[in-house]
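Residue numbers (this note's numbering): 71 to 176.
In what follows, a structure is listed as structure tokens, so that the remarks can point back to it.
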């Protein structure tokens, strides 16, 4: 490995940065909370498909910049999972960490 494994707190901070950027485009009553429990998509999800794509792209960019590896979150692996990694901020963080670890470069 080139660098220490990413921590959940590091990845959550990057996701929260992407949430802040997305929240700047949303009406105040539609803004996302910066917590691992925040529901993103699916049942009780707070985002429509456009909002989810916007958030995913923002997270991918931040992960790539921070850890120096390209990351694609919305791929066949993500779509084939029984439980979507996009359900909540916490599941997105955990999925992101797994992808980063699978690269063998972080």
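Where is the CB? At the ideal position from N, CA and C, for every residue including glycine.
The beta carbon of residue 76 sits closer than 7 Å to those of 137, 167, 170, 176, all from its chain and outside the five residues before and after it, given in chain order. Unbroken alpha helix (DSSP H) stretches of 4 residues or longer found wholly inside the segment 141 to 172: 146 to 149, 159 to 172, given in chain order. Counting only residues of its own chain and dropping the five nearest sequence neighbours on each side, residue 125 has a CB closer than 6 Å to the CB of 88, 92. If you check the CB distance, residue 130 and residue 123 do not come in under 8 Å. Per DSSP, residue 80 is one residue of the alpha helix (DSSP H) stretching across 78 to 93. When only Cα atoms are considered, residue 119 and residue 135 end up about 24 Å apart. When 98, 162, 99 are compared, the shortest CA-CA separation from residue 133 is found for 162. Within the same chain, Cβ atoms closer than 7 Å to the Cβ of residue 128 are found at 88, 91, 92, the five residues on either side in sequence being excluded. A check of alpha carbon separations from residue 112 across 157, 174, 173 identifies 157 as the nearest. Our two residues, residue 100 and residue 85, have alpha carbons roughly 17 Å apart in a direct line.
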